[in-house]
Each structure stands twice: as C-alpha cells, then as structure tokens.
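Chemist:
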Amino acid sequence: MWQEIIIVLIALYVVFYIGKKIYKNVTHHKTGNRPCCGCSKCTRKTG
Amino acid sequence: MRLSELRTGERGVIVKVMGRGAFRKRIIEMGFIRGKEVDVIRNAPLKDPIHYRVMGYDVSLRRNDAKMIEVIGTAEFERISSQNTNGRTNQPIYTVPPDESIEAMAIRKGKTINVALVGNPNCGKTTLFNFASGAHEHVGNYSGVTVDAKEGIFHQNGYTFMIVDLPGTYSLSAYSPEELFIRKHLNDEHPDVVINVIDASNLERNLYLTCQLIDRDIRMVIALNMYDELEKRGDKFDYRSLAQMIGVPIVPTVSKTGSGIEELFNRVIKVYEEKDPVLRHIHINYGETIEKGIERVKQALRQTGDTSISISNRYLSIKLIEKDSEVETHIREMQGADAILQERDRSVTQIETLLKEDCETAFTDARYGFISGALRETYEPNKIREATGTQIIDLFVTHKLLGFPIFIFFMWIMFEATFRLGEYPMGWIESSVEWIGGFVRNYMSEGPLKDLLVDGIIGGVGGVIVFLPNILILYAFISFMEDSGYMARAAFIMDKIMHKMGLHGKSFIPLVMGFGCNVPAIMASRTIESRNSRMITMLVNPLMSCSARLPVYVLLTGAFFPQKGGTVMFILYATGVFLAVLMARMFKRFLFNQEDIPFVMELPPYRMPTGKSILIHMWEKTKQYLRKMGGVILIASIVIWFLGYFPRNTEKGKAFDEQIARIEQSDVNENDKTEAVAELERQKNITHQQDSYIGQIGRAIQPVLSPLGFDWKMSVSLMSGMAAKEVVVSTLSILYTGESDDEQALAEQIKREQETEGMPAFTPLVALSFMLFVLIYFPCIATVSAIVNESGSWKWGAFVIGYTCLLAWIVSFLTFQIGQLVIQLIH
Chain A
1 MWQEIIIVLI ALYVVFYIGK KIYKNVTHHK TGNRPCCGCS KCTRKTG
Chain B
1001 MRLSELRTGE RGVIVKVMGR GAFRKRIIEM GFIRGKEVDV IRNAPLKDPI HYRVMGYDVS
1061 LRRNDAKMIE VIGTAEFERI SSQNTNGRTN QPIYTVPPDE SIEAMAIRKG KTINVALVGN
1121 PNCGKTTLFN FASGAHEHVG NYSGVTVDAK EGIFHQNGYT FMIVDLPGTY SLSAYSPEEL
1181 FIRKHLNDEH PDVVINVIDA SNLERNLYLT CQLIDRDIRM VIALNMYDEL EKRGDKFDYR
1241 SLAQMIGVPI VPTVSKTGSG IEELFNRVIK VYEEKDPVLR HIHINYGETI EKGIERVKQA
1301 LRQTGDTSIS ISNRYLSIKL IEKDSEVETH IREMQGADAI LQERDRSVTQ IETLLKEDCE
1361 TAFTDARYGF ISGALRETYE PNKIREATGT QIIDLFVTHK LLGFPIFIFF MWIMFEATFR
1421 LGEYPMGWIE SSVEWIGGFV RNYMSEGPLK DLLVDGIIGG VGGVIVFLPN ILILYAFISF
1481 MEDSGYMARA AFIMDKIMHK MGLHGKSFIP LVMGFGCNVP AIMASRTIES RNSRMITMLV
1541 NPLMSCSARL PVYVLLTGAF FPQKGGTVMF ILYATGVFLA VLMARMFKRF LFNQEDIPFV
1601 MELPPYRMPT GKSILIHMWE KTKQYLRKMG GVILIASIVI WFLGYFPRNT EKGKAFDEQI
1661 ARIEQSDVNE NDKTEAVAEL ERQKNITHQQ DSYIGQIGRA IQPVLSPLGF DWKMSVSLMS
1721 GMAAKEVVVS TLSILYTGES DDEQALAEQI KREQETEGMP AFTPLVALSF MLFVLIYFPC
1781 IATVSAIVNE SGSWKWGAFV IGYTCLLAWI VSFLTFQIGQ LVIQLIH
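Residue numbers (my numbering), protein chains in the order written: chain A, 1 to 47; chain B, 1001 to 1827.
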C-alpha cells in the first residue's frame, strides 16, 4: 500500500513539474531575454 | 537605495555619490559625503525638486540629481539589522555585526564597488572575470563568447567588488546589440569604475575603445592584458607614460595566470576613492575644425539646461556630430531639441565641407591619430621579428589546398576519439548502473514503486547516463579548438563555402558549437551583424547534430555497425551539415534574399589552452548533463514508465494470469511447466505493452512512421525525444528491455526484437533510417525556446518544428525505401 501512495505522490510531482516548466517557458518569452535589454533602437528588432 | 526614493520625513545616510565631473564635485562640496546623515524635509508640489537637510544646511536637489546619490534609509537599516538578528539574511555584502550603527553600515556599503569590464572581443576579459570572481564562464579564443553580462563578486582589502563582465566590443557606436548593451549598462547602472581590458598584443585597435570611454568621462582603470606576450615579442612599452598622458591608470596583467590582478583591483580602489595620482579627465583633441563644431553643439546643449547629469555634454556633442541615432533620439525628447539639432547640422556641414569626408570617418581618423601619436612616444615594437608560431601554423591550416583536409582530419579524429575512447568509461558506468539495478531488484519488496525504480528510473536514467563520457570527450575537443584559436581558422577557411550557403564565415562558429549543444550555439549567433545570416544560422542550427543525439548513435552504431562506428557517426554528422547547407540555401533564396554586409573575422594568435580551462569546461558540461538527468530526463523516464505501466488489471491480463495459474497447477513436468509459464509471461508483457497508454499512442502514430520502417516502440521513443534527445534511448530501454538498465542488454535486445510477423524489428537499414530521423526531426524544447527568444517570434519556433519534422520524414523515407530496393536487387 505504501508503494501505491508514493507512486501517487510522484505522479502529482511530475504533473506539477511539467506545469511549472511550461509556465516558465511561456512567461520567459514574454519578459524577453534580449541582449539589448529591450532597447528600442536595437538592430535585432529592427534589422 | 537612491536618495530620491526616501519619503518626506525619512532619514538616510549617504553611501556614495555617483555621476561625474562638475555635478559630482558640486554635490560633494554641498556636504553629500559618505557616512553623513541626510533628512528629507519636503517634496515640492510636483515632487520636484526635493528639500533636504545635510550637515545642518538646507539644500534642494532635483529628483534626477538625487537619483545619483546612494543612501541607506533608516527603514532599510532596521530591516537588515532585524534580518541579521534573526539570522535570516543571505546577502553577505551587507551582513553587519550586531549593534553596528547606520553610519557604519553606510561606510561599509560604500566599500562596495560596482565594476564593469569593458574591452574588445578576445582580449581576455572573461578570463580576468573568471580569475577575479572565481566563476567558470567559458572562454573562447574568438569573439562573442560573452553574449550577456555576467556578474560576480570578489573581495580584496576590505572592499567588495561587484563585477559585471560585459560583451566584447570594438567601439561604443550604436550598431551592434553588444554596443547598445554596453552603452545601456553604462547609462543605467552607473558603474563606479570601469576596467578597460586591453590586449597588449594589439594596442592600436584596443585603444580605440579607450578613446571613446575617455570621451564618455567615466572613472576607469586599464588592464593591459596578455602583457607577457608583449614582453615575449621583445616590444618596449612605457605604459606608465601613456597612463600619465591619458589620465588613466594602466596595470599590466596576465589574466591566464592571475598576474597583476591584485594590483589592478588595488588601483580600482584608489580610483574609486579618488586617490590615484594618475587619475584625471582629459579631452581627446579632434583638431580645430571638429573641436569648434563640438563646442558649438555643447553650447546649444548647455542652453537647454536639461541634459543628463550622467553623460557629459562633450560626449553628447561628439555623438550628435557622429550622427549617433540613439543619442539623437534621446536629444529629440528634450526641450529645445530643434535648436540643438540645427546647430549640430550646421557643425556637420561645416566639418564635412572643410575636411571633405563624413563626420564619422573624421572622428575615427582623429582617434586613430591620437592613438598613433600616443604610441609613437611610448611604444617601440621589436624590429627584428622572426616568423611567429602563429604565422607558421597558419601557413598550413589556412592553406587553400591543405586547409580542408586538415580540417576534415581534425573532425574525424574528434568523432573517432568520442566513440573509441568513450567505450572504456562507458563500461564502468554500465557496471555501476547494473549493480544498483540488481541491488534494488533483490532487496526491495514487490510493488509498483519497485517497478518504477528498477524499470523507470534506473532503466531510463541509467540508460542515458552511460553516455556521459562520450559527451565529455566531444566537448573537450570543441573546447580545445575554440580556446586554441583553430575554430577561428576553421571559420576562415569555411568562409567561401559559408558565403555559397548564403551565410557569413562568422556563422561557422555557432554551427560548429551546435555539435555540442544547439542552445548556446543559437545564442552565439547574436554576434552575426546581418539579420539574414543570423536568422539562417539559427534556423539551420538544429541540423547540426548536438551531443544529446550521441547516445542514440552510439547505441545503434554499436549494435548494427560495430566495426565502422566512427565512420557511420561521421557520415551522420556530415549528413546534418549537408542538409544544413541545403536548407540554408533554400532559406536564403526564398526567405532572406536581401544583400548582406561584408564579412570581417579576426584570426587571433594561437594559444595553447590550459588544462584547467578545458577541465573547467568539461566540469560545467558534466554538471549540466547531470542536472538534465535529474530534471527533464528523470521526469520523462517516469512519464514513459507511467504510460507503459498503466492501465493495470485488464481483462487480457487476467486471462493470462488464469492460464499461468492453470499451468502451474497441472501435472506436466517441471521443465515444460517453466517454459510454458515463461512464454505466457512474455506474451502477457507484449500484450500489456500494446494495450498500455503508450502502446495506444504508439499505434496511433505508427501509420505515419511505418513507411520509414519504425514499429510502435520506435514511434513512442521519438515522441518522448521531443523533450530531450537523450530520452529516446531511455524510452527504448524501458520499452524493449522492460527491466534491464544497461546499454549492452538494450543493444542485444533490439537486435533480437521481432515484429508480429517474425521479421526483426530493427535491421541495420532501420537503424540508419532511425538515426537519420533522430538527427533531423524536432529540435528539443530548449532549442525551440532559444530560437523563439532570439528571433523574437513564436513563428520561427513553429517553423523550425515544422520543417525539421517534414525533412526528417522525407530523408528517412527515402533512406529506408531506397535501401530496401537495393537490398532486394542484391538478393
């Protein structure tokens, strides 16, 4: 029985981990990670 | 915090005064000195200016001026003190002894010096940063290693240095992302002292950036790096005289060995405390014509009275006349901008008429003139110079006929060593994983957790960790090529080919880095100025076979091509390169067909990489790999196990159990009984796998992949490999061997595995088709994320996923179908 309980806990953790990764990926893109720190004249944006 | 952030009625103690020149002098003279108390009396109705009381005098400062004064507020002091008392603080810089006063804390904080490292690419800046901060940032012998600012902390003589390693740049113009990044850092972060790292072997070019920093009027110390190379060449350089001339302390350093770094930071302290005898601000003389223009624009700027206190009017005037677009935008936001710009235009016309060249060129010439003059007085190159080692080596490695064979030979050695040398440590790790699996299997009670541990975690993660030595060997070779300077030569000899692909020679380095990992490789493409080339480089980079795909190749070449492992791997990598060329040409033709700017690439001198640097690089990769093991690979292995383990207690399973029970109770002899039970167990396992969730998914996608020769297990492993390519092997391990966790057993099992018709599931042809599919299809999630970030659009991430999957299918389809046809014809 204890093994089943641990398995359920692991499953919950895995679901949480995947959710967190997806969330981070999405929000990371929104905040941006540009070498120009979001500089408006950056050639990478306008180029 | 800044003085401007204190509220009315609050009190603070001054930590430091930032800014420059007359502003700083005036503020200090007013009594804004480190350790002095300042009270906020009131804010004006529009919150500007603010009325302060310091040393008993009332003064009012504009909010922008107050922003340049760092203070520690009483509220902040109480918070830090209480954290210290509770033992909860984790900021060692501001940790104070109990009972320390706010003044003492302010003085302590005032001993924290923000230092920015600025220099040309490949001047040894990152090595210096690593040495000082103890960081392990990778150092490459080519430009663009530092694509983001790296921060580190360092203590010396009671001072704390917060060091920021900025990307390498040749100037402070506003053309490339690096230049803009540095300018933004200098403007916004106001480092207390800038360390300008100069390559002693190339003084003239490196001092160009120094001239611009002098124009910018910031407190600076020059690290004359790689000074040993200058001495070795027999050159004479009176750096002390040059320091006096330009008003900037110069300290010879050898960042590789750490020589001179202590002295460098001692000078930083002196400059910060304004006690350095050499320190003074000078104006570079641009000649009468330009100077007159600068003066006129400066006057116009002064008349507006609204310029930034952190940037000098002279610098702004110079940049305006140079037609710097960023400064012009900044000026346009000011009152009286029209008058300033009109004056600028008048000055530009006058300069260009008189000098008969555009202003930017006039400034560049004047700066090089200044440098040339300064060096003529202080620098004497050794006239008797033998052919350097670099020149001799370059005769061969960049030779138009010998260059390519040497390059291909190095590549072949790299793959052969990865495969052959890696076999030995692989065996040791395999034995360890096997022992752990056996231990858990023998000593743990039956249950789903035991199954998860043995089949899922040890089977999955253990199946991948054995490839760590191969990956490390590959990285050691890449690191050696980068650090020695050979990578830049490879880029040089590949330049013509890269141009035929529609790329720059500079694109070659990110592409070769892709053999290690596509993510840093895609980030390294930032150094390519042309957007077209940068985009194409990023889009084809996933076709460069990264080290995560290596486990799949090692497994399958080991199983099906044991005698020709290195050669098959070389062919796979070459296929990736060939496809990258093909796709780059297509992208150039159909997506990015505009003209490019000309290619410029340095050929740095050869340097023997230190063993320490290579070991640090390998250790970093080991950490990354192990972190991946504990993260995405572990999670993927658990998910695959769950999907393969459930649902339990199905009707078919019960029927098998009943049959097994009946046989066990029957009267047949023991041998027959054991054989029958084993066969039933095998059938039960196969049926269970087919009916499991993963089996259902695999069967659903199999129609798409069966023309490539893949069964449902291979289809599932390919799906799981989308998270990270190593997971392909761990999934194969779980699906084919069930309870086995070593690579040898997996290799044996996939050779034995049969389809329902009795045909082998994996043949050499299927293995080749499978490896090609793994090489090309879906870049891992991290790579897609890097492409999205670097391109600034999800569209390109989706595009890469789409084209790689389609291309993988076409290539594997052609390989499998044509291969089958050839085999039929031969037989």
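All residues carry an ideal CB built from backbone N, CA and C; glycine is no exception. Being a predicted model, the structure only gives us computed values, none of them experimental.
1) Using DSSP's beta-bridge definition, name the partner residues of B:Ser1317.
2) Per DSSP, what are the beta-bridge partners of B:Ala1116 in this structure?
3) Per DSSP, which residues does B:Phe1154 bridge with? Please list them.
4) Looking at B:Val1464 and B:Pro1542, is the spacing between their C-beta atoms short of 8 Å?
5) Apart from the five residues on each side of it in sequence, which residues of its chain come closer than 6 Å, Cβ to Cβ, to B:Lys1612?
6) Thinking C-alpha only, which one of B:Arg1002, B:Leu1207, B:Lys1496 and B:Phe1773 is nearest B:Arg1062?
7) Does the CB of B:Ile1261 have a neighbour CB from chain A at under 8 Å?
8) Under 8 Å, with one C-beta from each stretch per pair, do the segment 1771-1791 of chain B and the segment 1669-1681 of chain B reach the 3-pair mark?
9) What are the uninterrupted segments assigned as alpha helix (DSSP H) that are 4 or more residues long and contained completely in the segment 1706-1786 of chain B, given in chain order?
10) Assign B:Glu1010 to one of three DSSP states: helix, strand, or coil.
11) Run through DSSP, which three-state label would B:Phe1237 get?
12) By how many angstroms is the C-alpha of B:Pro1779 removed from the C-alpha of B:Gly1653?
13) What is the rounded straight-line gap between the Cα of B:Ala1700 and the Cα of B:Leu1468?
14) Counting only the same chain and skipping the five closest in sequence on each side, list residues whose C-beta sits under 6 Å from that of B:Ser1133.
15) Please report the distance separating the alpha-carbon of B:His1835 from that of B:Val1193.
16) Between the C-alpha atoms of B:Val985 and B:Gly1427, what's the straight-line distance to the nearest angstrom?
17) For B:Gly1505, which residues from the same chain have a beta carbon less than 8 Å from its beta carbon, with the 5 sequence-adjacent residues on both sides left out?
18) So, helix, strand or coil for B:Tyr1379, using DSSP?
19) Per DSSP, B:Asn1220 is paired with what?
20) I believe B:Arg1872 touches B:Ile1041 by the beta-carbon criterion, under 8 Å. Please report the beta-carbon distance rounded to the nearest angstrom.
21) Note down, in chain order, every chain C residue with its Cβ under 7 Å from the Cβ of B:Leu1449.
22) At a CB-CB cut-off below 9 Å, which residues of chain A make contact with B:Phe1161?
23) By DSSP, does B:Val1677 sit in helix, in strand, or in coil?
24) According to the Cβ coordinates, are B:Ile1246 and B:Val1221 closer than 8 Å?
25) In this structure, does DSSP put B:Asn1122 in helix, strand or coil?
26) Tell me, to the nearest whole angstrom, how far the beta carbon of B:Val1728 is from that of B:Leu1718; I am working on the premise that it is less than 8 Å.
27) Between the C-alpha atoms of B:Glu1681 and B:Ala1661, what's the straight-line distance to the nearest angstrom?
28) Can you pull the chain A neighbours of B:Val1327, defined as C-beta to C-beta under 8 Å?
29) The alpha helix (DSSP H) that contains B:Pro1469, what's its start and end?
30) DSSP state of B:Pro1092, grouped into three classes?
31) Going along chain A in order, which residues have a C-beta closer than 7 Å to the C-beta of B:Ile1638?
32) So for B:Gly1514, helix, strand or coil by DSSP?
33) Less than 8 Å separating the beta-carbons of B:Gly1516 and B:Leu1579?
34) Is the number of C-beta pairs between the segment 1480-1487 of chain B and the segment 1572-1586 of chain B that are closer than 8 Å three or more?
35) In whole angstroms, give me the CA-to-CA distance for B:Leu1452 and B:Trp1641.
36) Suppose the cutoff is 6 Å on Cβ atoms and the five residues either side in sequence are ignored; what does the same chain contact list for B:Lys1450 look like?
Modeler: Answer, in terms of the structure:
1) Looking at the DSSP assignment, B:Ser1317 forms no beta bridge with any residue, so it has no partner.
2) B:Val1164 and B:Val1194
3) B:Phe1161
4) Taking 8 Å as the Cβ cut-off, B:Pro1542 and B:Val1464 do not qualify as a contacting pair.
5) none
6) B:Arg1002
7) False, the Cβ-Cβ gap to chain A never drops below 8 Å.
8) no
9) 1712-1720, 1727-1732, 1743-1752 and 1764-1776
10) Secondary structure at B:Glu1010: coil, using DSSP grouped into helix, strand and coil.
11) strand
12) 38 Å
13) Spanning the two alpha carbons is a distance of roughly 33 Å.
14) Result list for B:Ser1133: Gly1152, Phe1154 and Ile1163, in chain order.
15) Nothing about residue 1835 of chain B can be reported from this structure: the residues present for chain B run from 1001 to 1827 only.
16) Outside the modelled stretch of chain B, which goes from 1001 to 1827, sits residue 985 of chain B, for which no answer is possible.
17) Ala1491, Phe1492, Met1494, Asp1495, Met1498, His1499, Phe1599 and Met1601
18) strand
19) Before going on, a small fix: residue 1220 of chain B reads as Met here, not Asn. According to DSSP, which records beta bridges pairwise, B:Met1220 is partnered with B:Val1194.
20) Because chain B here runs from 1001 to 1827, residue 1872 of chain B falls outside it and cannot be looked at.
21) Looking at the structure shown, chain C is missing, and the protein chains on hand are A and B.
22) Correct list: empty, because the minimum Cβ distance to chain A is about 22 Å.
23) helix
24) no
25) coil
26) 7 Å
27) 11 Å
28) In chain order: nothing, as chain A lies at least about 10 Å away.
29) Leu1468 to Ser1484
30) Below a pLDDT of 50, predicted positions are generally treated as unreliable, and B:Pro1092, at 44, falls in that range; the measurement from the model is reported next regardless. Three-state DSSP puts B:Pro1092 in a helix.
31) Those within 7 Å of B:Ile1638 in chain A are Ile10 and Val14.
32) coil
33) Not closer than 8 Å, so no.
34) No, because fewer than three Cβ pairs between the segment 1480-1487 of chain B and the segment 1572-1586 of chain B fall closer than 8 Å, the two stretches do not touch.
35) 7 Å
36) Met1444
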